[in-house]
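Here is the structure we will look at.
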Amino acid sequence: MRLPPGVTPEEFSRALAEFEQAVGKQWVFTSDEDVDLYRDAYSPFLHEAEERVASAAVAPSSTEEVQQVVRIANRHRIPLYAISTGKNLGYGGSAPAYSGCVVVDLKRMNRILEVNEANAFALVEPGVSYFDLYHHIQERNLKVWIDCPDPGWGSVVGNAIDRGGGYTSANYRNHFDSHCGMEVVLPNGELLRTGMGAIPNAKTWQQYKSGCGPWIDGIFSQSNFGIVTKMGFWLMPQPEAYLRCTVSLPRYRDLGPLVETLNYLENARITSGFPDIASPLNGYPPLGQIQLLFENGPPTMTEEHQKLLSEAVLGYSSELEAYGLRAGIAYWELWLSFYGPMEVIEAQWQAAQRHFAKIDGAKFRIIDRLSLPIDPTKVEQYHEPEFGVPSLRVFSIGARTPWNPTPSKGHMWFSPIIPRTGEAIIEANRVFSEAARDLGMPLFRTFTLPACFWERSFIFILATPVTEDPATNKRYREGFKKLIEIGGRHGWGEYRTAPVFQKTVMDVYSFNDHVLRRFHETLKDAIDPNGILSPGRYDIWPKHLRGTRT
Amino acid sequence: MDRRTFCLGSAAVAVCGCADGAFAAAYPGAEYSGAAIALDLVLFDSRYAECRSFAAVAKHSGHATVAFQGDVTRLWYDTLRPRWAAGGGMIAGMTSPSSLFCLEQLAKDHWRRVVMRIEHRRSLGGDLVSWVIGS
Numbered sequence: 000m001r002l003p004p005g006v007t008p009e010e011f012s013r014a015l016a017e018f019e020q021a022v023g024k025q026w027v028f029t030s031d032e033d034v035d036l037y038r039d040a041y042s043p044f045l046h047e048a049e050e051r052v053a054s055a056a057v058a059p060s061s062t063e064e065v066q067q068v069v070r071i072a073n074r075h076r077i078p079l080y081a082i083s084t085g086k087n088l089g090y091g092g093s094a095p096a097y098s099g100c101v102v103v104d105l106k107r108m109n110r111i112l113e114v115n116e117a118n119a120f121a122l123v124e125p126g127v128s129y130f131d132l133y134h135h136i137q138e139r140n141l142k143v144w145i146d147c148p149d150p151g152w153g154s155v156v157g158n159a160i161d162r163g164g165g166y167t168s169a170n171y172r173n174h175f176d177s178h179c180g181m182e183v184v185l186p187n188g189e190l191l192r193t194g195m196g197a198i199p200n201a202k203t204w205q206q207y208k209s210g211c212g213p214w215i216d217g218i219f220s221q222s223n224f225g226i227v228t229k230m231g232f233w234l235m236p237q238p239e240a241y242l243r244c245t246v247s248l249p250r251y252r253d254l255g256p257l258v259e260t261l262n263y264l265e266n267a268r269i270t271s272g273f274p275d276i277a278s279p280l281n282g283y284p285p286l287g288q289i290q291l292l293f294e295n296g297p298p299t300m301t302e303e304h305q306k307l308l309s310e311a312v313l314g315y316s317s318e319l320e321a322y323g324l325r326a327g328i329a330y331w332e333l334w335l336s337f338y339g340p341m342e343v344i345e346a347q348w349q350a351a352q353r354h355f356a357k358i359d360g361a362k363f364r365i366i367d368r369l370s371l372p373i374d375p376t377k378v379e380q381y382h383e384p385e386f387g388v389p390s391l392r393v394f395s396i397g398a399r400t401p402w403n404p405t406p407s408k409g410h411m412w413f414s415p416i417i418p419r420t421g422e423a424i425i426e427a428n429r430v431f432s433e434a435a436r437d438l439g440m441p442l443f444r445t446f447t448l449p450a451c452f453w454e455r456s457f458i459f460i461l462a463t464p465v466t467e468d469p470a471t472n473k474r475y476r477e478g479f480k481k482l483i484e485i486g487g488r489h490g491w492g493e494y495r496t497a498p499v500f501q502k503t504v505m506d507v508y509s510f511n512d513h514v515l516r517r518f519h520e521t522l523k524d525a526i527d528p529n530g531i532l533s534p535g536r537y538d539i540w541p542k543h544l545r546g547t548r549t
Numbered sequence: 000m001d002r003r004t005f006c007l008g009s010a011a012v013a014v015c016g017c018a019d020g021a022f023a024a025a026y027p028g029a030e031y032s033g034a035a036i037a038l039d040l041v042l043f044d045s046r047y048a049e050c051r052s053f054a055a056v057a058k059h060s061g062h063a064t065v066a067f068q069g070d071v072t073r074l075w076y077d078t079l080r081p082r083w084a085a086g087g088g089m090i091a092g093m094t095s096p097s098s099l100f101c102l103e104q105l106a107k108d109h110w111r112r113v114v115m116r117i118e119h120r121r122s123l124g125g126d127l128v129s130w131v132i133g134s
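Chain order of the listed sequences is A and C.
For the first sequence, the positions run 0 to 549 when numbering that gives the first Met the number 0 is used.
For the second sequence, the positions run 0 to 134 when numbering that gives the first Met the number 0 is used.
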């Protein structure tokens, strides 16, 4: 039997027996083959003793059972690690931040408590996946869309409290921002409802976010202050039509004006779909099309183009630009999408063109003009998540193909947030490409473009491979940490990270002698004095484990 | 039958046969259908000739087969998800490793796991894997 650190076999056996009483014997897992299901499938410690693993798992089916589990853990000082469905691969999966925790697996709590079509919201438990919610809506022919990440197999609640993002309209892409109301089991087993849910028999729990007084929902995301057992989400009313268009720009210097114009159009809500910046001249596809590159192979290029590209610095040379102008290959291509009544989105596209036409040489093209809902049998022709349809197709990216002869065993997402300017894109490429080269990291080898999930900031999302070779993985982990530190020195921070990097990332958030961390741990001491809940998650450690900070 | 077809047929017999025989002994609680264990489905990636041969052998042995092409989304959504939610039994298949990876992760949601895995190295076009997912 595996044991949590510092817990005797006798004490652990007593706790397990109480867990069994609380949730049923068949829902407490202690055998290696059962507990191994909770290993991180993309662990950066593949084949290494340092891999973070659970001691056991317990799967409650209700909020009341979660409360009992938490109270038992307090009595026996058993560290817990709550997961929804544990699908955040590349950010830690279902494995605990602190080895030896008992995983509290919430996927049996998979009830969709309400989907309100008239006011476009849902209330769900943490075991509800995007596929589940999508299916529920389709089965009832409700006229609302979900916003899902890609892949869409994870938990709606889990992704939101890990602050994941999606691909539809800006109001819904930030999954934590689009939530409204939580139910949380606190570390002492008490039940809390946030926002309007604090009113008994609340009538607007999923309609008004903040209630009255301090709005505390944020402290239950990327943290260890409670176990979220219900969460409300605003849904997108099913749009009438969809328009996807591109703006092509011919010169390197156009990147700045492209971003400035995009920012204005987004912030003014003239465009709200997922914007996607590509560089045909640099051979860099839009994010929404990247799986096609892996399925069908990279775009064909002339030898001259390849040679010029290999000689370009930060994606630029005057010769490359001249080649692009001569061959009619755009330096930059912005993919814009619009949702709404056709007459409205056509007008929005007209307005967008008017703004981009101020950039010399801008060219415009409509890629798709669709009436919605889209035929479900045809949605696979598109990037499904942009239509609120969960998919697993993105895994073709990892497949072994002639152009990807040595697929990795997983990856660690390197995902710093940078300002939304063209200058920041170039500066981040300069800093990270130099650092990655010096560190031998397989990132930023070519000019790299960020993604536009969030309004008002860019995010790079780059996969650092996990390999079969522990020495290579160790070198990549160390390099990854250095890149985080280098980013921090330039004022850029990660938005989310796997447990192995959480200390390094939170070290970057160091304003005023790490007052943010000290505040987090002051809260931790106050509401979880026994330190039983997810110790170490996002580098928030209970007092008795602070010396073990890793 | 050439050597290649024979080997792939052997893989199907190994996977489905083990599910039918030796695997059944290891999992005495599983449901039996006569002398053979009930395999709910045999999945195969119809893009690959090897997988089609594998499925042909499985079908000849009386197993229901389902074809897909790389992406497991529809297979998951239309076929496996409702079956596993309702209980369902073991499945076997021959696919790319990335398709199996997806199925393995999805299986975890139903407390199922890959209980047998045979890797087939190929010099061109990516490796394949035959497997059984049980509980």
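Just so you know, even glycine gets a beta-carbon here, dropped at the ideal spot from N, CA and C.
Here the structure is a predicted model, which is why all the values come from computation and not from measurement.
Checklist entry - Given that A/F386 touches chain C, what residues does it touch there, using C-beta distances under 9 angstroms? => result Chain-order list of chain C residues neighbouring A/F386: empty, with the shortest C-beta distance near 13 angstroms, by a criterion of under 9 angstroms.
Checklist entry - For A/H84, which residues in chain C fall below 9 angstroms Cβ to Cβ? => result Correcting the residue identity first, residue 84 of chain A is Thr in this sequence and not His. Here the neighbours are K107, D108.
Checklist entry - Under the DSSP definition of a beta bridge, which residues are partnered with C/M89? => result Note: C/M89 sits in a beta bridge opposite C/L38.
Next on the checklist: Which same chain residues end up closer than 8 angstroms to C/G33 when comparing Cβ atoms and leaving out the 5 residues on each side of it in sequence?
Outcome noted: At C/G33, the pLDDT of 42 sits below 50, so the modelled position is not reliable and the matter cannot be decided from this model.
Item to check | Cβ neighbour criterion (16 or more within 10 Å) applied to A/Q20 | outcome: A/Q20 counts as exposed, since fewer than 16 other beta carbons sit within 10 angstroms of its beta carbon.
Checklist entry - So what's A/G126 in DSSP terms, helix, strand or just coil? => result Three-state DSSP puts A/G126 in coil, outside helix and strand.
Item to check | Exposure of A/Q501, with buried meaning 16 or more beta-carbon neighbours within 10 Å | outcome: Buried is the call here.
Next on the checklist: Here's the rule: buried if 16 or more other CB atoms are within 10 angstroms of the residue's CB, otherwise exposed. What is A/N554?
Outcome noted: Nothing in the structure corresponds to residue 554 of chain A, since chain A is present only between 0 and 549.
Checklist entry - Can you tell me the Cα-Cα spacing of A/E422 and A/G255, whole angstroms? => result Each residue's alpha carbon lies about 6 angstroms from the other.
Checklist entry - In whole angstroms, what separates the C-alpha of A/V22 from that of A/F28? => result Each residue's alpha carbon lies about 11 angstroms from the other.
Checklist entry - Looking at the structure shown, is A/N173 part of a helix, part of a strand, or coil, going by DSSP? => result Correct three-state label for A/N173: strand.
Next on the checklist: Considering only the alpha carbon of each residue, which of A/M108, A/N109, A/L79, A/I365 lies closest to A/A96?
Outcome noted: Taking only the C-alpha atoms, the option nearest A/A96 is A/L79.
Checklist entry - Exposed or buried, A/Y263, counting other C-beta atoms within 10 Å across all chains shown (16 or more means buried)? => result So A/Y263 ends up on the exposed side.
Item to check | Any chain A beta carbon closer than 8 angstroms to C/D70 | outcome: It does; some Cβ of chain A falls within 8 angstroms.
Next on the checklist: For A/F120, list the residues DSSP reports as bridge partners.
Outcome noted: According to DSSP, residue pairing for A/F120 in a beta bridge involves A/N115, A/W233.
Next on the checklist: Counting C-beta neighbours from all protein chains within 10 Å, is the total for C/A21 16 or more, i.e. buried, or is it exposed?
Outcome noted: Because C/A21 sits at a pLDDT of 38, beneath the cut-off of 50, its placement in the model cannot be relied upon, and the point is left open.
Next on the checklist: Please confirm whether A/L36 has its beta-carbon closer than 8 angstroms to some beta-carbon of chain C.
Outcome noted: With 8 angstroms as the cut-off, A/L36 counts as an interface residue toward chain C.
Next on the checklist: Please report the distance separating the alpha-carbon of A/E302 from that of A/G439.
Outcome noted: Taking the Cα positions, A/E302 is about 27 angstroms away from A/G439.
Checklist entry - Going along the chain, which residues of its own chain have a beta-carbon closer than 8 angstroms to the beta-carbon of C/P27, five neighbours each way excluded? => result Reliability of the predicted coordinates at C/P27 is poor, the pLDDT of 46 falling under 50, and the value obtained from them is presented with this limitation in mind. Only residues of its own chain outside the window of five on either side were considered, and among them none has a CB closer than 8 angstroms to the CB of C/P27.
Checklist entry - So is A/C147 buried or exposed if we call it buried at 16+ other beta carbons inside 10 Å? => result Burial state of A/C147 is buried, judged by a 10 Å Cβ sphere holding 16 or more other Cβ atoms.
Checklist entry - A/V227: which of A/A81, A/N511, A/A53, A/R517 sits nearest, CA to CA? => result Scanning A/A81, A/N511, A/A53, A/R517 for the CA closest to the CA of A/V227 turns up A/A81.
Checklist entry - Using the rule of at least 16 other Cβ atoms within 10 Å of the residue's Cβ for burial, across every protein chain shown, is A/S247 buried or exposed? => result Burial of A/S247 is indicated by the presence of at least 16 other C-beta atoms within 10 angstroms of its C-beta.
Checklist entry - Under a Cβ-count criterion, where at least 16 other Cβ atoms within 10 Å of its own Cβ denotes burial, should C/M0 be classed as buried or exposed? => result Below a pLDDT of 50, predicted positions are generally treated as unreliable, and C/M0, at 42, falls in that range; the measurement from the model is reported next regardless. Around the beta carbon of C/M0, fewer than 16 other beta carbons sit within 10 angstroms, so the residue counts as exposed.
Next on the checklist: Quick check: A/F120 and A/W214, are their CB atoms within less than 8 angstroms of each other?
Outcome noted: Judged by beta-carbon spacing, A/W214 lies beyond the 8 angstroms limit of A/F120, meaning their Cβ atoms are not closer than that value.
Next on the checklist: Restricting to Cα atoms, I'd like to know which of A/M341, A/V499, A/N173 is closest to A/S456.
Outcome noted: Measuring from the Cα of A/S456, the nearest candidate turns out to be A/N173.
Checklist entry - Does the beta-carbon distance from C/G61 to C/M89 come in below 8 angstroms? => result No, Cβ-Cβ distance for C/G61 and C/M89 is not below 8 angstroms.
Checklist entry - When the cut-off is 8 angstroms and only beta carbons count, does C/R51 lie next to chain A? => result Cβ-Cβ to chain A under 8 angstroms: no for C/R51.
Item to check | Test: A/G5 CB closer than 8 angstroms to a CB of chain C | outcome: No, its Cβ sits nowhere closer than 8 angstroms to a Cβ of chain C.
Item to check | Residues that A/R392 contacts on chain C, provided the C-beta gap is smaller than 7 angstroms | outcome: Simply D70, T72.
Checklist entry - How many angstroms separate the CA atom of A/G546 from the CA atom of A/D527? => result Rounded to whole angstroms, A/G546 to A/D527 spans 17 angstroms at the Cα level.
Item to check | A/P534 - DSSP class collapsed to helix/strand/coil | outcome: Residue state, collapsed to three classes: coil.
Next on the checklist: Please state whether the Cβ-Cβ distance between A/A351 and A/T270 is less than 8 angstroms.
Outcome noted: The beta carbons of A/A351 and A/T270 sit closer together than 8 angstroms.
Item to check | Cβ-based burial, A/T463 [other Cβ within 10 Å; buried from 16] | outcome: Buried.
Item to check | Those residues which DSSP pairs with A/T463 across a bridge | outcome: A/T463 is bridged by DSSP to A/M411.
Checklist entry - What are the start and end residues of the alpha helix (DSSP H) that includes A/K362? => result For A/K362, there is no enclosing alpha helix (DSSP H); the residue is part of the beta strand (DSSP E) that begins and ends at 362-370.
Next on the checklist: Assuming A/E10 is part of the beta strand (DSSP E), what are its boundary residues?
Outcome noted: Secondary structure note for A/E10: it is in no beta strand (DSSP E), and the uninterrupted alpha helix (DSSP H) holding it is 8-22.
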